[in-house]
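J.: Here's a structure for you.
Protein chains: 2
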Amino acid sequence: MVMSPGAIARYAGAVMSRWKPDADGRLIEAALVLFDRQGYEDTTVADLAASAGLTRRTFFRYFSDKREVLFSGAGELERLWVNAVTGAPKGCGAMVAMEAGFAAVAEVFTERHSFAKIRARIIAANPELQERELIKLEKLASSVAAALEERGIEAGRAALAAYTGVQIFHLAFARWIAQDDPGGLLPLMHESLEELREVLTS
Amino acid sequence: MVMSPGAIARYAGAVMSRWKPDADGRLIEAALVLFDRQGYEDTTVADLAASAGLTRRTFFRYFSDKREVLFSGAGELERLWVNAVTGAPKGCGAMVAMEAGFAAVAEVFTERHSFAKIRARIIAANPELQERELIKLEKLASSVAAALEERGIEAGRAALAAYTGVQIFHLAFARWIAQDDPGGLLPLMHESLEELREVLTS
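So the protein lines, in turn, are chains A and B. Just so you know, the first sequence maps onto residues 29 to 230 in this note's numbering. Just so you know, the second sequence maps onto residues 29 to 230 in this note's numbering.
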């Protein structure tokens with residue numbers, strides 16, 4: 029799906045105003061539109077603030093740099109996944125506890141398919157952003173592993189389950205944004221994990 | 029194992045002079061010693077060049093920035109893994125072809141245990157270096173996946189096998205440098221993969 033800049037702005041505006049109509053939401057919206065239209069490198073914090081009708085000073089109340097605007101959801105994702113692991117049925121194994129986070133994570137992206145597509149396109153165009161994306165995933169995996177260890181799962185198994193889970197999320201996410209169907213992130217995650225089981229044991 | 033700066037320098041010198049006694053080898057050695065002793069942030073390209081008895085200009089003939097000095101082996105690793113995948117027996121499955129690279133990769137690190145320990149400590153102390161490390165692993169996985177696809181393996185399966193393999197390498201490597209025994213990276217990789225199979229199917 030190719031969207032015109034105007035359509036992106038309207039779409040992002042609609043998504044974002046449903047999502048976060050406040051200052052940080054407007055900054056995220058501005059980043060999505062401007063990074064995609066004029067490039068990440070060529071967009072300044074001042075551009076983002078102006079586009080959101082805010083001052084540079086307000087920008088820095090919300091984000092430490094322009095890169096962080098694209099990663100504001102990482103903390104929420106991590107909290108949700110960790111909470112799901114912590115709340116999984118008592119005595120279940122490492123994979124079942126890890127997978128308990130899949131639904132919570134997929135839920136976050138409901139109605140954000142076009143947003144995710146645009147964001148992925150911006151990130152793919154910039155190695156600096158790819159690096160930040162990868163370190164956020166690493167941090168996510170490390171937190172999920174810690175939550176598994178809290179359940180009494182041995183550290184090695186916890187790491188294997190958590191890093192594999194986040195890897196599956198990462199690969200399924202790429203499949204999800206490559207398709208036109210905005211639904212189906214959760215089934216894609218489960219399918220990818222099943223496929224991994226099959227690949228590993230065939 | 030805690031090494032004094034002097035011991036590190038002697039050790040690194042010994043390893044490096046066996047490994048790469050030329051200008052880029054001396055720069056890698058200087059980086060290992062200076063980044064570890066005085067910190068990555070506080071070491072300049074001029075410091076590295078001076079420590080290696082070279083000019084800044086010579087430095088830039090070998091490396092684009094001071095960060096790259098720690099990642100000069102990434103290309104070799106990738107070539108070895110890809111070649112092993114390409115040369116795996118005809119008709120073998122995705123995992124067998126992917127695993128063909130394990131031995132080649134482990135071989136690279138023979139006699140580099142202390143080097144790897146120091147390098148890991150430097151990287152762990154600096155988020156910018158962690159990001160670079162992660163993007164190199166991502167690139168490695170992507171190249172291994174491409175090599176699997178070249179063998180006629182479907183793209184989804186190729187990605188799952190390759191990303192899992194690199195993840196296993198990453199986790200086994202962390203285990204390897206955490207232990208005192210300099211041998212055994214290859215068995216740790218195979219063990220970690222077996223453990224993943226077990227975790228995934230239990």
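No residue lacks a Cβ here, since even glycine has one placed at the ideal position from N, Cα and C.
Would you give the residue range spanned by the alpha helix (DSSP H) that T86(A) belongs to?
T.: As a first step, residue 86(A) is located in the first sequence; it is residue number 58 there, counting from the start. Where T86(A) is concerned, the enclosing alpha helix (DSSP H) stretches over 84-90.
J.: Which complete alpha helix (DSSP H) runs does the stretch 122-167 of chain B hold, if anything under 4 residues is left out?
T.: Within the stretch 122-167 of chain B, the complete alpha helix (DSSP H) runs of at least 4 residues are 122-136, 141-152.
J.: Looking at the secondary structure, which residues open and close the alpha helix (DSSP H) in which V61(A) lies?
T.: In the first sequence, the residue the question calls residue 61(A) occupies position 33. Counting along the chain, the alpha helix (DSSP H) containing V61(A) begins and ends at 51-66.
J.: For E223(A) and chain B, any beta-carbon pair shorter than 8 Å?
T.: As a working mapping, residue 223(A) is identified with position 195 in the first sequence. It does: the Cβ of E223(A) has a partner Cβ on chain B nearer than 8 Å.
J.: Can a CB atom of chain A be found closer than 8 Å to the CB of E166(B)?
T.: As a working mapping, residue 166(B) is identified with position 138 in the second sequence. So yes, E166(B) belongs to the interface.
J.: Relative to the C-alpha of E127(A), which residue among S230(A), Y191(A), F87(A) is closest?
T.: Within the first sequence, residue 127(A) is the residue found at index 99, counting from 1. Of the candidates S230(A), Y191(A), F87(A), the one whose C-alpha sits nearest the C-alpha of E127(A) is Y191(A).
J.: With a threshold of 8 Å between beta carbons, is M217(B) in contact with chain A?
T.: For the purposes of this step, residue 217(B) is identified with residue 189 of the second sequence, where counting begins at 1. No, M217(B) lies away from the interface with chain A (no Cβ there is under 8 Å from its Cβ).
J.: For E156(A) and L188(B), I'd like the C-alpha separation in whole angstroms.
T.: Within the first sequence, numbered from 1, the residue matching residue 156(A) stands at position 128. Within the second sequence, numbered from 1, the residue matching residue 188(B) stands at position 160. Rounded to the nearest angstrom, the two C-alpha atoms are 25 Å apart.
J.: Beta carbon of L105(A), beta carbon of V133(A): below 8 Å?
T.: Translated into the one-based positions of the first sequence, residue 105(A) becomes position 77. Translated into the one-based positions of the first sequence, residue 133(A) becomes position 105. Contact flag set, yes.
J.: Would you kindly work out how many angstroms separate the C-alpha atoms of E182(A) and D208(B), rounded to a whole number?
T.: Position 154 of the first sequence holds residue 182(A). Position 180 of the second sequence holds residue 208(B). One C-alpha to the other measures close to 21 Å.
J.: Just mark D64(B) as buried or exposed, buried being the case when its beta carbon has 16 or more other beta carbons within 10 Å.
T.: As a first step, residue 64(B) must be located in the second sequence, where it is residue number 36. Buried, because 16 or more other Cβ atoms sit within 10 Å of the Cβ of D64(B).
J.: Can you tell me which of the three DSSP states Q207(A) falls into?
T.: As a position in the first sequence, residue 207(A) is number 179, starting the count at 1. Correct three-state label for Q207(A): coil.
J.: Among the candidates L165(A), R225(A), A202(A), whose CA atom is the shortest distance from the CA of L216(A)?
T.: Here residue 216(A) refers to the residue found at position 188 when the first sequence is read from its first residue. Answer by Cα proximity: A202(A).
J.: Just how far apart, CA to CA, sit R149(A) and I163(B)?
T.: To locate residue 149(A), count along the first sequence from 1; it is residue 121. To locate residue 163(B), count along the second sequence from 1; it is residue 135. Approximately 17 Å between the Cα atoms of the pair.
J.: Tell me the residue span of the alpha helix (DSSP H) that contains A102(A).
T.: To locate residue 102(A), count along the first sequence from 1; it is residue 74. Per DSSP, A102(A) belongs to the alpha helix (DSSP H) from 102-114.
J.: Quick one: list the residues of chain A neighbouring Y191(B), beta-carbon separation under 7 Å, in chain order.
T.: As a first step, residue 191(B) must be located in the second sequence, where it is residue number 163. What Y191(B) touches in chain A: Q195, L199.
J.: Hey, would you say V136(A) sits closer than 8 Å to G101(A), going by beta carbons?
T.: Numbered from 1 along the first sequence, position 108 holds the residue referred to as residue 136(A). Numbered from 1 along the first sequence, position 73 holds the residue referred to as residue 101(A). Going by C-beta atoms, V136(A) is nearer than 8 Å to G101(A).
J.: Quick check on the DSSP output: what are the complete alpha helix (DSSP H) runs of length 4 or more inside the stretch 183-229 of chain B, in order along the chain?
T.: Listed in chain order, the complete alpha helix (DSSP H) runs (minimum 4 residues) inside the stretch 183-229 of chain B are 183-206, 213-229.
J.: Verify the CB distance criterion: does P155(A) have a CB-CB separation below 8 Å to chain B?
T.: Along the first sequence, one-based indexing puts residue 155(A) at 127. Output row for P155(A): interface = yes.
J.: What separation, rounded to the nearest whole angstrom, lies between the Cα atoms of I146(B) and D50(B)?
T.: Counting from 1 along the second sequence, the entry for residue 146(B) is found at position 118. Counting from 1 along the second sequence, the entry for residue 50(B) is found at position 22. The alpha-carbon atoms of I146(B) and D50(B) are separated by roughly 21 Å.
J.: Going along chain B in order, which residues have a C-beta closer than 7 Å to the C-beta of L162(A)?
T.: In the first sequence, the residue the question calls residue 162(A) occupies position 134. Per Cβ cutoff of 7 Å: E159, L162, I163, E166.
J.: Quick one: what's got a C-beta closer than 7 Å to P210(A)'s C-beta in the same chain, skipping five residues either side?
T.: Counting from 1 along the first sequence, the entry for residue 210(A) is found at position 182. So the qualifying residues of the chain are H141.
J.: From the beta carbon of L108(B), is the nearest beta carbon of chain A less than 8 Å away?
T.: Sequence index remark: in the second sequence, residue 108(B) carries index 80 (1-based). Output row for L108(B): interface = no.
J.: Please report whether the beta-carbon of G184(A) lies at a distance below 8 Å from any beta-carbon of chain B.
T.: As a working mapping, residue 184(A) is identified with position 156 in the first sequence. Cβ-Cβ to chain B under 8 Å: yes for G184(A).
J.: Taking 6 Å as the limit between beta carbons, can you name the residues of its chain near A74(B), skipping five residues before and five after?
T.: Working through the second sequence from its first residue, we reach residue 74(B) at position 46. For A74(B), where only same-chain residues beyond five positions count, the Cβ hits under 6 Å are R84.
J.: Classify E139(A): buried if its beta carbon has 16 or more other beta carbons within 10 angstroms, exposed otherwise.
T.: The sequence position of residue 139(A) within the first sequence is 111, counting from 1. Exposed, by the Cβ-count rule.
J.: Buried or exposed: E226(A), going by 16 or more other Cβ atoms within 10 Å of its Cβ?
T.: By one-based count along the first sequence, residue 226(A) stands at place 198. Under this definition E226(A) is an exposed residue.
J.: Assuming L76(B) is part of the alpha helix (DSSP H), what are its boundary residues?
T.: The count along the second sequence starts at 1 and reaches residue 76(B) at position 48. Segment 73-79, the alpha helix (DSSP H) holding L76(B).
J.: Return helix, strand or coil for E69(B), following the three-state DSSP convention.
T.: Taking the second sequence and counting its residues from 1, one reaches residue 69(B) at position 41. Looking at E69(B) - three-state DSSP - the assignment turns out to be coil, as it is neither helix nor strand.
J.: Go ahead and label K94(A) buried or exposed: buried means 16 or more other beta carbons lie within 10 angstroms of its beta carbon, across all protein chains shown.
T.: Residue mapping note: residue 94(A) aligns to position 66 of the first sequence, counting from 1. Classification for K94(A): buried.
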